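In this text, residue positions in the sequence shown follow the numbering used here: the first is 278, and each later residue adds one.
Quick reminder that beta carbons are idealized off the backbone N, C-alpha and C, glycines included.
Remember, predicted model here, so these are calculated numbers, not experimental data.
Reviewing the structure listed below.
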Amino acid sequence: MISSVATPLRTSVLRSAATRAPAGFSARNFSTSLAASKEVQNVTVFGAGLMGAGIAQVLAHKGGYNVTLADVSEKATAGGQSIISKSLTRIFKKSMADKSAEEQAEAVKKVVDSIKVSTDGAGAVKETDLVIEAIIENVGIKQELFKFLDGKAPKDAIFASNTSSLSIKDVAATISEERKALFGGFHAFNPVPQMKLIEIVKTDQTSKDAFESLTAVAKKMGKVPVSCVDSPGFIVNRLLVPYMLEAIRLVERGEATKEDRMERF
């Protein structure tokens, strides 16, 4: 029953947060000059699944960044490319409705080809400005990845995790103290090309410059960034759980049916 109400409720919460966030909301508690933040040009995304591929797609298509999509095998990166191609095909079919199928296909190919793919973790971050991790939700595996990348990426590269529920500080536990100042959360939502909100999560060690750089990246992607401290569930999932529980209670008490709740959202 939880799964039957989670998606519409989550979408409702996201839509509300994205449309109500006023200009400047994301940085209101961390005011600092954007001029002092790191200029990001090269972004490496680890994890070529649905989330990682979606983030890579928007970074390249909307943000104009130099993007590398990395994973453990060529099969995985090929899967990511397929996800991106199918998503862009739907997007361009609508946005280029007055163009021929050949022109639409060429537009898709141009974006897909602009995204480099790699199975070499060290090589993927050699010249990166920003690493965004979107792998399995397992804190130990994430820690292993970041520990490895910490010794391979440039000293001033920003690290970020797309985790939806794990503590950002816990994920960053295995990296150097210097890198922890450049570490934050970058929680996008599925499907990334359509969902506007991105939660920018700041630990007590995240520098203002790193936070502002992540915020700037989200904005350049055409997203609505909202600031959040490193707390359980961040913002959206923290709100979502009470919504879900109350929906379940309504059904259990016979005050509404499952279909009524689906129709409402």
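Pairwise C-beta distances place the stretch 373-389 out of contact with the stretch 403-418, as fewer than three of them are shorter than 8 Å.
Fewer than three Cβ pairs drawn from the stretch 514-523 and the stretch 337-357 lie within less than 8 Å of each other, which leaves the two stretches out of contact. Per DSSP, reduced to three states, the secondary structure at Thr321 is strand. Going by C-alpha positions, Ile412 is about 9 Å away from Leu422. For Gly356, the three-state secondary structure derived from DSSP is helix. Straight-line measurement puts the Cα of Asp348 at about 22 Å from the Cα of Ser442. Non-local C-beta neighbours of Phe488 in its own chain, meaning closer than 7 Å and more than five positions away in sequence, comprise Phe307, Gly461, Ile477, Lys479, ordered along the chain. Lys500 and Lys432 have their C-alpha atoms spaced approximately 27 Å apart. A distance below 7 Å between beta-carbons, with the five flanking residues on each side excluded, links Ala450 to the following residues of its chain, in chain order: Gln420. Ranked by how close their Cα comes to the Cα of Asp507, the residues Lys315, Ser438, Lys393, Thr366 have Ser438 in first place. As a beta-bridge residue in DSSP terms, Leu346 pairs with Val322, Val394. Beyond the five residues adjoining it in sequence on each side, Ile392 comes within less than 6 Å, by CB distance, of Ala333, Ala337, Val344, Leu346 in the same chain, given in chain order. Within the same chain, and ignoring the five residues on either side of Ser350 in sequence, the residues whose Cβ sits closer than 7 Å to its Cβ are Thr396.
The residue among Leu327, Ala458, Ile452, Pro509 with its C-alpha nearest the C-alpha of Asp486 is Ala458. Bridge pairing for Pro502: Ile475 [DSSP]. In the DSSP assignment, Leu407 forms a beta bridge with Val320, Ile435. In the DSSP assignment, Gly340 falls outside any alpha helix (DSSP H), carrying neither H nor E. Assignment of Phe463 by DSSP, reduced to helix, strand and coil, places it in the strand class. Here Thr534 is exposed, its C-beta having fewer than 16 other C-beta atoms within 10 Å.
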